[in-house]
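Let me begin by presenting the structure, written as structure tokens, before commenting on it.
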Amino acid sequence: MEMKRTDRASIERRRRDRRRRLLLRWLVLLACLVIAVLVVLFLVRGCSDDPAGPETGSQTSSETLATEEGPESDALETTSTAGSSGGADTTAMPNPSTTVSGGSSPNTTIVEYDPGRPGDERVPGSFYGPINTTFEGLTMFRGNASRTYYGEGPVPSGPEILWRFGPMTGGASEALKYPTGTGWTGQPCVFERDGKTWVVFGAYDFKIHFLDAETGEKLIPDFEGGDIFKGSVVADPDGYPLVFMGCADDKWRIIAIDREEPTELFHLDSNELPRRLWYGDWDSSVVIRNDYAFLGGENSHFYILKLNRGYADGKVTVDPQIVLDYPGWTASLLDKLGSKDVSIENSPCLVGDRVYFSNGGGLVQGLDVSATLRELAEGEAPATGVEAYPKVFHYWTAGDTDATIVADEQGYLYVCQHSDKRSSTAVERYQEVGQIIKLDPRQNGEGQDPIVWSQKATKLSGGESGVWATACLYKDMLYVPTHGGALLGIDRETGELVWQKTLTEHAWASCVVVDGTLIVGDTYGVLHAWDVSDTRVDPPVVWEYKLESGSALESTPAVWKGKIFVGCRDGYFYCFGDE
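Heads up: the sequence shown is residues 1263 to 1841, going by the numbering used here.
Next up, the structure:
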């Protein structure tokens, strides 16, 4: 009898063990299933590079615009994509590195569309006016944080060379085989200081030059770097005697100009900063606002710095603090590209409480930077880290975006990109999305497509297609030179191609419009001017000036009170005006 009770207890224990093992197996299976689902979600949505990919968004029309201007013209295809103008909260993604947080819409989205803006009259401090309000000048690439201010007239009616500065030739460069003159983007800044008009620019002779706009003579000695300066210099918009510029020697610098010689006060070195992914150059042209600097690097990071500007012993000082070091890529993006070329060469576009930028992989991103608008109490530390500056927009266009994003007063973005060596997935996406794109960053929710319209600039030059130049907003038009050799006039509301001009191939200089005159240089040393005061007609030629050298005008010109300042690849910097 005792044996039977023992057998029954043993059997009962075995049954309990089997049940525990079975339960454990089910728990393990359930855990594996959960992990598998999370992996699938990460692969499908983790990068969020293409939240409105080929399977989303409804195309309302698609037509090919075949041009009849011969081999120099682009073959263009216009795609108009429907989009809503209403604001929408964004949807949070599961991967912390690619999270898009909800939040208020940009504070520049309440203005109704006005086809007459931006026009010829610009008020300092306004959306389309110069960023600087206490002194006159064109202090940064495209003049303001939305990249829509181009200088002050009058425009010369029959320009001649008033003076030229040079020759400028660099030595052995890691960035360029034959460094002479100035190149892309190369826009000088022009500003009033101490009773003189200063013209400041970086050049391929490894130097930043500080010239008198009237004579072309040096106002202070050159500042010398370790390689070419190929972006656009920035003068402090708040009147501090500072200039800011990056260099191909891997350093971005803050330089004081209130000494006998220009003096470096601070630098960022991409070789010393953590997690460098690509090159070390600094092509991006910084935005300065409320004592914060917004800057991208070819190391693939985006930075916000608190400058802490001031004076000591009568001289300007800075004590910068990096408040945001933001990696501009995701692991999924690198997989889709098949490349680590995700450098940030374009300049930030700052729209109210949002900053936008893209990279070499075509990942357009927007960050909420409202923390930089808040005035700090004495002794209060600025907000730091990615939690303080959450991502609010994320869209994959797949092309290399060297051109700077431009914003209009309604909050729409104009993005231009060009081709690069990419995976078949990225090439397909680049061809589908187009090369000139209008985005609505409010259309960022699940199933929403931010593309308002897009244009394709597909003509090849040297095996490349697309756009290096930054788009130019004027009234109801968007003006874009293409690498394939066209100057396009596009209705910025509808995306319709209104007119097209033939330019030389490799047209990298950005257009400027002042007093109804569109000005841009080409690859063969011709500075063009067209009358665009009537935006609905094919603009007539106002004048053309051809340099004897016939060398490329890759740099963006600056127009200032009767003069045009621009550098050339022939080794010289030119001042044009009426004699």
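Cβ atoms here follow ideal geometry from the backbone N, Cα and C, with glycine treated the same way.
Between which residues of its own chain and V1540 is the CB-CB distance below 8 Å, once the five residues before and five after are set aside? Stepping through the sequence shown from its first residue, residue 1540 is reached at position 278. Per the sequence presented here, residue 1540 reads as Trp, with Val not at that position. E1560, N1561, S1562, K1602, D1603, V1604, S1605, G1622, listed in sequence order.
Give me whichever residues DSSP pairs with V1626 in a beta bridge. Here residue 1626 refers to the residue found at position 364 when the sequence shown is read from its first residue. In the DSSP assignment, the residues bridged to V1626 are Y1657.
Report the three-state DSSP secondary structure of Y1676 (helix, strand or coil). On the sequence shown, position 414 is the one that residue 1676 refers to. Assignment of Y1676 by DSSP, reduced to helix, strand and coil, places it in the strand class.
Determine whether the beta carbon atoms of A1475 and K1825 lie at a separation below 8 Å. Indexing the sequence shown from 1 puts residue 1475 at position 213. Indexing the sequence shown from 1 puts residue 1825 at position 563. A contact, by the Cβ cut-off of 8 Å.
Does the distance from the C-beta atom of G1696 to that of Q1717 stay below 8 Å? For the purposes of this step, residue 1696 is taken as residue 434 along the sequence shown, with counting starting at 1. For the purposes of this step, residue 1717 is taken as residue 455 along the sequence shown, with counting starting at 1. For G1696 and Q1717, yes; Cβs fall inside 8 Å.
Three-state class that DSSP yields for E1398 in the structure shown: Numbered from its first residue, the sequence shown carries residue 1398 at position 136. DSSP places E1398 in coil when its eight states are reduced to three.
What number of angstroms, rounded off, separates the C-alpha of G1445 from the C-alpha of L1612? In the sequence shown, the residue the question calls residue 1445 occupies position 183. In the sequence shown, the residue the question calls residue 1612 occupies position 350. Each residue's Cα considered, the two are about 24 Å apart.
Distance between A1660 and V1794 (C-alpha atoms, nearest Å): Residue numbering aside, residue 1794 sits at position 532 when the sequence shown is read from its first letter. Residue numbering aside, residue 1660 sits at position 398 when the sequence shown is read from its first letter. One C-alpha to the other measures close to 32 Å.
Since T1525 sits in a beta bridge, which residues does DSSP pair it with? Along the sequence shown, read from residue 1 onward, the residue named residue 1525 stands at position 263. Beta-bridge pairing links T1525 to A1518.
Indicate the three-state DSSP secondary structure (helix, strand or coil) for Y1836 in the structure shown. In the sequence shown, counting from the first residue as 1, residue 1836 sits at position 574. Strand.
In chain order, each alpha helix (DSSP H) run of at least 4 residues that lies wholly inside the region 1385 to 1464: DSSP runs (the alpha helix (DSSP H)) wholly in the region 1385 to 1464: none.
Would you check if the distance between the CB atom of S1546 and the CB atom of L1557 is smaller than 8 Å? Position 284 of the sequence shown, counted from the first residue, corresponds to residue 1546. Position 295 of the sequence shown, counted from the first residue, corresponds to residue 1557. Taking 8 Å as the Cβ cut-off, S1546 and L1557 qualify as a contacting pair.
Measuring CB to CB, does G1848 end up less than 8 Å from A1769? What the structure shows of the chain is the stretch from 1263 to 1841, and residue 1848 is not part of that stretch, so it cannot be assessed.
Taking DSSP as the reference, what is the three-state secondary structure of E1479? Taking the first residue of the sequence shown as position 1, residue 1479 is located at position 217. For E1479, the secondary structure class from DSSP, reduced to helix, strand or coil, is coil.
If you follow the alpha helix (DSSP H) that R1754 is part of, which residue opens it and which one closes it? Against the sequence shown, residue 1754 aligns to sequence position 492. Premise fails: R1754 is in no alpha helix (DSSP H) and is neither H nor E.
Beta strand (DSSP E) containing Y1618: first to last residue? Here residue 1618 is taken as the residue at index 356 of the sequence shown, counted from 1. Looking at the DSSP string, the run of the beta strand (DSSP E) that includes Y1618 is 1616 to 1619.
What is the DSSP secondary structure of Y1502, counted as helix, strand or coil? Mapped onto the sequence shown, residue 1502 falls at position 240. Residue state, collapsed to three classes: coil.
Given this structure, state the Cα-to-Cα distance separating V1804 from C1773, to the nearest angstrom. Mapped onto the sequence shown, residue 1804 falls at position 542. Mapped onto the sequence shown, residue 1773 falls at position 511. Cα to Cα, the separation comes out at about 15 Å.
Please list, in chain order, all residues of the same chain as Y1565 whose beta carbon is under 8 Å from its beta carbon, the five residues on each side excluded. Here residue 1565 refers to the residue found at position 303 when the sequence shown is read from its first residue. These residues qualify, in order along the chain: L1530, A1555, F1556, L1557, G1558, G1559, I1584, L1586, D1587, Y1588.
For the beta strand (DSSP E) containing Y1786, list its first residue and its last residue. By 1-based counting over the sequence shown, the position of residue 1786 is 524. Premise fails: Y1786 is in no beta strand (DSSP E) and is neither H nor E.
Would you check if there are 3 or more beta carbon pairs closer than 8 Å linking the region 1497 to 1512 to the region 1460 to 1472? Counting Cβ pairs under 8 Å, three or more are found: they touch.
Would you mind stating whether R1823 and E1414 have Cβ atoms separated by less than 8 Å? Here residue 1823 refers to the residue found at position 561 of the sequence shown. Here residue 1414 refers to the residue found at position 152 of the sequence shown. At residue 1823 the sequence reads Lys, which differs from the Arg that was named. Between K1823 and E1414, the gap from beta carbon to beta carbon is short of 8 Å.
Would you report the Cα separation of L1527 and D1484, rounded to the nearest angstrom? Within the sequence shown, residue 1527 is the residue found at index 265, counting from 1. Within the sequence shown, residue 1484 is the residue found at index 222, counting from 1. For the pair L1527 and D1484, the Cα-to-Cα distance works out to about 16 Å.
Taking a contact to mean a Cβ-Cβ separation below 8 Å, would you say D1543 touches R1571 in this structure? On the sequence shown, residue 1543 is found 281 positions in, with the first residue counted as 1. On the sequence shown, residue 1571 is found 309 positions in, with the first residue counted as 1. R1571 is positioned such that its CB atom lies no closer than 8 Å to that of D1543.
Comparing C-alpha positions only, which one of G1829, C1837, P1819 sits nearest to G1405? The sequence position of residue 1405 within the sequence shown is 143, counting from 1. Answer by Cα proximity: P1819.
In whole angstroms, give me the CA-to-CA distance for D1840 and S1817. Residue numbering aside, residue 1840 sits at position 578 when the sequence shown is read from its first letter. Residue numbering aside, residue 1817 sits at position 555 when the sequence shown is read from its first letter. D1840 and S1817: Cα-Cα distance of roughly 21 Å.
Within its chain, find whatever has a CB closer than 7 Å to the CB of D1312; leave out the 5 residues flanking it on each side and keep chain order. Stepping through the sequence shown from its first residue, residue 1312 is reached at position 50. The predicted model places D1312 with a pLDDT of 39, which falls under 50 and marks its position as unreliable, so this point remains unresolved.
Spatial distance of R1798 from V1760 (CA atoms): Taking the first residue of the sequence shown as position 1, residue 1798 is located at position 536. Taking the first residue of the sequence shown as position 1, residue 1760 is located at position 498. In this structure, the alpha-carbon of R1798 lies about 7 Å from that of V1760.
Rounded C-alpha distance that separates V1668 from S1609: Position 406 of the sequence shown, counted from the first residue, corresponds to residue 1668. Position 347 of the sequence shown, counted from the first residue, corresponds to residue 1609. Straight-line Cα distance between these residues: approximately 10 Å.
Under the three-state reduction of DSSP, which class applies to L1701: helix, strand or coil? Position 439 of the sequence shown, counting from 1, holds the residue named residue 1701. Here L1701 sits in strand by DSSP.
What residue range is occupied by the uninterrupted alpha helix (DSSP H) comprising V1648? The residue labelled residue 1648 in the question sits at position 386 within the sequence shown. Looking at the DSSP string, V1648 is not in any alpha helix (DSSP H), and its letter there is neither H nor E.
Heavy atom of the ligand GDP less than 7 Å from the Cβ of F1827, yes or no? This structure lacks the ligand GDP; in fact it carries no ligand of any kind.
N- and C-terminal bounds of the beta strand (DSSP E) containing A1574: Here residue 1574 corresponds to residue number 312 of the sequence shown, with the count starting at 1. Per DSSP, A1574 belongs to the beta strand (DSSP E) from 1572 to 1574.
Locate the beta strand (DSSP E) running through V1821, then write down its first and last residues. As a working mapping, residue 1821 is identified with position 559 in the sequence shown. Note, V1821: beta strand (DSSP E), 1820 to 1822.
Looking at S1532 and I1490, is the spacing between their C-beta atoms short of 8 Å? Position 228 of the sequence shown, counted from the first residue, corresponds to residue 1490. Position 270 of the sequence shown, counted from the first residue, corresponds to residue 1532. Cβ distance not < 8 Å, so I1490 and S1532 don't count as in contact.
Strand pairing of P1589, partner residues [DSSP]: As a position in the sequence shown, residue 1589 is number 327, starting the count at 1. When beta bridges are read from the DSSP output, P1589 appears opposite H1563.
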